[in-house]
Structure formats: C-alpha cells, structure tokens
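**Student:**
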C-alpha cells in the first residue's frame, strides 16, 4: 500500500533501475516539475508542451 502524498516511480529503461525499486517511495514534497502529458484517467487526457524559442 502506498501512503497518501507518496509516489512509486518507475523508470522506462528496464536495464537501469534508478527508480522506486532501488530508492523506495518518493515523498510528494520532494517532486519538482511540471506535468507535460496527463493520460490517466483517460477521460482527462491532456498535453501542455511549452513552445520553444526559435533559433
């Protein structure tokens, strides 16, 4: 069971287990970042990519 305000995170590279399998649960206050794609629940699918500056 994962307690409230904790996350079990998985790396998408099976050969590099630098994720919760190695480090354990991550506390919500330790996560810094922005959501760029939200796909679950499926009825709330959304994406928000920031436009990059043209070079």
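In the numbering used here, the protein residues as written are 226 to 280.
Don't be surprised by glycine CBs; every beta carbon is placed ideally from N, CA and C.
(1) Looking at the structure shown, is residue 270 part of a helix, part of a strand, or coil, going by DSSP?
(2) Under 8 Å: do the region 230-246 and the region 257-272 share three or more Cβ pairs, one atom per stretch?
(3) Going by beta carbon distance, what residues of the same chain come within less than 8 Å of residue 253, once the five residues before and after it are set aside?
(4) Can you give me the C-alpha to C-alpha distance between residue 228 and residue 246, rounded to a whole angstrom?
**Tutor:** The relevant details are as follows:
(1) By 1-based counting over the chain shown, the position of residue 270 is 45. Note: residue 270 maps to coil in three-state DSSP.
(2) The region 230-246 makes no contact with the region 257-272; the number of CB pairs closer than 8 Å stays below 3.
(3) Here residue 253 refers to the residue found at position 28 of the chain shown. Cβ within range, chain order: 230, 231 and 232.
(4) Indexing the chain shown from 1 puts residue 228 at position 3. Indexing the chain shown from 1 puts residue 246 at position 21. C-alpha separation (whole angstroms): 16 Å.
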